[in-house]
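*Asks:* Okay, so the sequence shown: first residue is 10 according to the numbering used here, each after it adds one.
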Amino acid sequence: MKGMILSYRRGRRTHDVNQMLIELEGVDSKEKAMQYLDKKVVWKSSSGKEISGKIIGIHGNKGVVRAKFERNLPGQSITTEVQII
């Protein structure tokens, strides 16, 4: 399954660089997003490196999830695809 990175998890004045918000394909509700908790997420860079992470929670009521990665993702990762395993 695929997803798209939306942004860092952020507040009004801060943002958490170790958590990313991901929109999943075909998921449009909180209940559907709950099924993907603890799934593995893999992001591939343009050079071929892979950074893996894990879905740790949901964000809002529209099916967006929070993921925490082993290493912090660069800013270039925003609006790119990730693979859900």
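Where is the CB? At the ideal position from N, CA and C, for every residue including glycine.
So residue 49 is in the beta strand (DSSP E); what residue range does that whole segment cover?
*Replies:* For the purposes of this step, residue 49 is identified with residue 40 of the sequence shown, where counting begins at 1. Taken as a continuous stretch (DSSP letters only), the beta strand (DSSP E) holding residue 49 covers 49–53.
*Asks:* Would you tell me roughly how many angstroms separate the C-alpha atoms of residue 32 and residue 57, rounded to the nearest one?
*Replies:* Translated into positions along the sequence shown, residue 32 becomes position 23. Translated into positions along the sequence shown, residue 57 becomes position 48. Rounded to whole angstroms, residue 32 and residue 57 show a C-alpha spacing of 22 Å.
*Asks:* Have a look at residue 30 and residue 22 and give me their C-alpha separation to the nearest angstrom.
*Replies:* Along the sequence shown, one-based indexing puts residue 30 at 21. Along the sequence shown, one-based indexing puts residue 22 at 13. Spanning the two alpha carbons is a distance of roughly 17 Å.
*Asks:* Assign residue 80 to one of two classes, buried (16 or more other C-beta atoms within 10 Å of its C-beta) or exposed (fewer than that).
*Replies:* For this step, residue 80 is matched to residue 71 along the sequence shown. Exposed, since its Cβ has fewer than 16 Cβ neighbours within 10 Å.
*Asks:* Secondary structure at residue 28, three-state DSSP: helix, strand or coil?
*Replies:* For the purposes of this step, residue 28 is taken as the residue at position 19 of the sequence shown. DSSP places residue 28 in strand when its eight states are reduced to three.
*Asks:* Just to confirm the assignment, what range does the alpha helix (DSSP H) spanning residue 71 have?
*Replies:* On the sequence shown, residue 71 is found 62 positions in, with the first residue counted as 1. Per DSSP, residue 71 belongs to no alpha helix (DSSP H) and is neither H nor E.
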